[in-house]
Amino acid sequence: MRVVRARKQLVAGLNYFLDVEIGRTTCTKSQPNLASCPFHVQPHLRKEALCSFQVYTVPWLGKTSLVKSSCQDA
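Basically the numbering used here = 1-based index in the sequence shown + 70.
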């Protein structure tokens with residue numbers, strides 16, 4: 071995963087807008103350190119998407135919700 075853009079907006083709580091690139095990596099799920107997993111480069115294993123998320127949170131009420139999410143093939 072790579073964060074392409076991140077923004078926040080102060081409203082009656084906080085809106086977070088995240089654009090992230092996600093994809094199939096060379097790491098296995100049982101690998102202990104998933105922070106540095108490169109994306110596959112072989113065409114038959116490569117799968118990437120650009121996703122946008124809007125998360126609304128009211129921290130002082132302990133409320134967090136996913137407002138919008140969408141993905142498209144990269």
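Backbone N, C-alpha and C define an ideal beta-carbon position, used for all residues, glycine too.
Note that the structure is a prediction, hence the values are computed from the model and not measured.
Judged by their CB atoms, F123 and L80 are not nearer to each other than the 8 Å cut-off.
Proximity to P108 across C97, A82, A144, K117 peaks at C97, based on C-alpha coordinates. In the DSSP assignment, G93 is bridged to E118.
The beta carbon of L115 sits closer than 7 Å to those of R94, all from its chain and outside the five residues before and after it, given in chain order.
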